[in-house]
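Protein chains in written order, with full-length UniProt numbering: chain S, 1 to 244; chain X, 1 to 244.
Protein chains: 2
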Amino acid sequence: MSDASLLDRIRIVLARPSHPGNIGATARAMKTMGLSRLVLVQPKVFPDPQAEAMASGAIDVLNQARVCDSMAEALEGTWFATAITGRRRELGVEPCWAREAAAELAASAVTGEVALVFGNETSGLSNEEVAFCQRWAVIPANPEYRSLNLSQAVQVLCYELRLALVAPGSPPPVLGAGEPARHEEVEMLLDHLERAALSCGFLDPASPKRFMPRMRRLLARKGLEKEEVNILRGFLAALMDKGR
Amino acid sequence: MSDASLLDRIRIVLARPSHPGNIGATARAMKTMGLSRLVLVQPKVFPDPQAEAMASGAIDVLNQARVCDSMAEALEGTWFATAITGRRRELGVEPCWAREAAAELAASAVTGEVALVFGNETSGLSNEEVAFCQRWAVIPANPEYRSLNLSQAVQVLCYELRLALVAPGSPPPVLGAGEPARHEEVEMLLDHLERAALSCGFLDPASPKRFMPRMRRLLARKGLEKEEVNILRGFLAALMDKGR
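So this is what it looks like as structure tokens:
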């Protein structure tokens, strides 16, 4: 089983969601990170056109969503569940931060089915609902305003789950970038610059000050391209020609 | 200057946003992570009641948003800008992943003002807009569906920026958790269990099998509370009494 396919063992449970738009946005957030199993416990309005509009290209995730009557039913088949909650809880379940929670869930998916549980937009999760979970987790947030929208919280956790399970690999390659300038080409440009500065009197050989070290530093930046060097040298040649 | 106040040096620039709801949701996403400086380049509709509705408790961020005519104006005063884009670009600007981009932006905010630039919901950023930035970054996503909603992308990046600048500290404390059971209390419970199992004949001293090691493993789990131990011992005592 590949690590990416472990994402299929992680279900996202929304407890009593009020706004169908948030259900749709949740489906989209899940699919962008490769998750597909959405479970809804007593949704207020579902299905609904607003959910479909917000799901955008994740309509398949929405259509496959399972609707349950209770949290117990939603968690059937799981062996580990983490509750996401913004509030401090009057409970003995052990808390952690979202990133650590995602890593733990990802590791737990190797053993079997797991769940990530989110509460109602206004009231959050009840103590009874949290008590079904083995862990609860908090998204680090601004202490003066920690109220993430429901689907935003899902997005952050699904993003963390993907990073925990699927190595992003090398960053996307730079397309259309020119061939990089080599060391000796940059040196030739520096030499050209020095000759041009001397020929126009800008650079006094008796008192060169910091001109050439400055130019070297400017051109030492990573990513200088062969063509840029050629353009600059052509420009210098033209300036020198004109002054002759 | 504290690390948290460096968040004030990071502006979020939305280029030509189409949906006022996304502007509001962006303001909320920013505020939950402690960012406050929103810049809008040629928003299609702004201000708008839908933006206010989606901003929820971040109406202050929305009201302070700066509206600009051009990307150049939006970036005035910054020395470093990162473009977030989902597509591969025909440009030589260096790409990286969102997490590394957030770390680089956070570090760059020490030197001065920086910007994180997001494109239009449908068309993304134009090549001209990306060319204003020193870096472009991609949110790792499902290769089959990488289309994050605009405000979701902002949420992920602001979350990464917060983590890069503000150590979340210890997880929130467990409130209402009882006093933890100490080693010797757990040992007394194990001893009690053994006596109970012997007294009712469940445990044969001549062939104890794995009963006690199993019980020890069960009770070795972290977080057992003093009161739980007391309840279990009371229960055992009552069972033993009844069998007498």
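Heads up, the beta-carbon is just placed ideally off N, CA and C, and yes, glycines get one too.
All figures in this text were calculated on a predicted structure; none of them were measured in a lab.
Cα-Cα separation, X/THR82 to X/GLU187: Each residue's alpha carbon lies about 58 angstroms from the other.
CA-to-CA distance, X/ASP8 to S/VAL110, given in whole angstroms: Straight-line Cα distance between these residues: approximately 41 angstroms.
Length of the line joining the Cα atoms of S/PRO47 and X/PHE211: About 51 angstroms.
Separation of X/LEU190 from X/GLY24, as counted between CA atoms: Distance from the CA atom of X/GLY24 to the CA atom of X/LEU190, rounded to whole angstroms, is 58 angstroms.
Those residues which DSSP pairs with S/PRO95 across a bridge: Answer by DSSP bridge pairing, in chain order: S/TRP136.
Residue range of the alpha helix (DSSP H) that includes X/CYS158: Its alpha helix (DSSP H) spans residues 150 to 165.
Per-residue burial, S/PRO143 [other beta carbons within 10 Å of its own, 16 or more giving buried]: Its Cβ having fewer than 16 others within 10 Å, S/PRO143 is exposed.
Beta carbon proximity, residue 247 of chain S to chain X, threshold 8 angstroms: There is no way to answer for residue 247 of chain S, as the model of chain S reaches only from 1 to 244.
Unbroken stretches of the beta strand (DSSP E), 3 residues or longer, contained in the region 2 to 84 of chain S: Every beta strand (DSSP E) stretch that sits fully inside the region 2 to 84 of chain S and reaches 3 residues is listed by chain position as 10 to 15, 37 to 41, 66 to 68 and 80 to 84.
Residue closest to X/ALA72, alpha-carbon to alpha-carbon, out of X/LEU218, X/PHE132 and X/ALA103: The shortest Cα separation from X/ALA72 among X/LEU218, X/PHE132 and X/ALA103 belongs to X/PHE132.
Inter-residue Cα distance where the pair is S/GLN50 and X/ARG214: So the alpha carbons of these two residues sit roughly 52 angstroms apart.
Simplified DSSP state of X/PHE211, which is helix, strand or coil: In this structure, X/PHE211 counts as helix in the three-state DSSP scheme.
Proximity to X/TRP97 [Cα-Cα], best of X/ALA65, X/SER123, X/TRP136 and X/ASN120: If you compare the alpha carbons of X/ALA65, X/SER123, X/TRP136 and X/ASN120 with that of X/TRP97, the shortest gap goes to X/TRP136.
Residue-chain proximity (X/VAL110, chain S), Cβ-Cβ < 8 angstroms: No, no contact with chain S.
Contact list for X/GLY24 against chain S, beta-carbon separation under 8 angstroms: Taking a Cβ-Cβ threshold of 8 angstroms, none of the residues of chain S is close to X/GLY24; the smallest such distance is about 10 angstroms.
Below-8 angstroms beta-carbon distance, X/GLN152 vs any chain S residue: With 8 angstroms as the cut-off, X/GLN152 counts as an interface residue toward chain S.
Minimum Cβ-Cβ distance from S/GLY124 to chain X less than 8 angstroms: It does not; no Cβ of chain X falls within 8 angstroms.
Proximity to X/LEU125 [Cα-Cα], best of X/GLY86, X/GLY223, X/VAL156 and X/GLN152: Comparing Cα-Cα distances from X/LEU125 to each of X/GLY86, X/GLY223, X/VAL156 and X/GLN152, the minimum goes to X/GLY86.
Identified DSSP bridge partners for X/GLY124: DSSP, once it has assigned bridges, lists X/ASN120 as partnering X/GLY124.
Validate contact between the region 25 to 44 of chain S and the region 154 to 162 of chain S using beta carbons, cut 8 angstroms, 3 pairs: With a cut-off of 8 angstroms, the region 154 to 162 of chain S and the region 25 to 44 of chain S count as touching, because enough Cβ pairs lie within range.
For X/GLU225, the residue or residues it bridges with in DSSP: Its beta-bridge partners are X/PRO180.
Within chain S, the residues that X/ASN142 reaches when beta carbons sit closer than 8 angstroms: Per Cβ cutoff of 8 angstroms: LYS31, THR32, MET33, GLY34 and ARG162.
Helix, strand or coil at S/VAL114 [DSSP, three-state]: For S/VAL114, the secondary structure class from DSSP, reduced to helix, strand or coil, is strand.
Residues that X/ARG217 contacts on chain S, provided the C-beta gap is smaller than 8 angstroms: Per Cβ cutoff of 8 angstroms: no residues; X/ARG217 is ~17 angstroms from chain S at best.
Straight-line gap, S/LEU224 to S/ARG216 (C-alpha atoms, nearest Å): If you take the alpha carbons of S/LEU224 and S/ARG216, they lie about 12 angstroms apart.
Supposed contact pair X/MET30 and X/VAL61 - C-beta distance, whole angstroms, cut 8 angstroms: Their Cβ separation, rounded to whole angstroms, is 6 angstroms, which keeps X/VAL61 and X/MET30 in contact under 8 angstroms.
Reduced DSSP secondary structure (H/G/I, E/B, other) of S/LEU203: Under the three-state reduction of DSSP, S/LEU203 is assigned to coil, being neither helix nor strand.
The region 192 to 205 of chain S in contact with the region 149 to 156 of chain S per 3-pair CB rule at 8 angstroms: The region 192 to 205 of chain S vs the region 149 to 156 of chain S: no contact.
Exposure of X/PRO205, with buried meaning 16 or more beta-carbon neighbours within 10 Å: That one is exposed.
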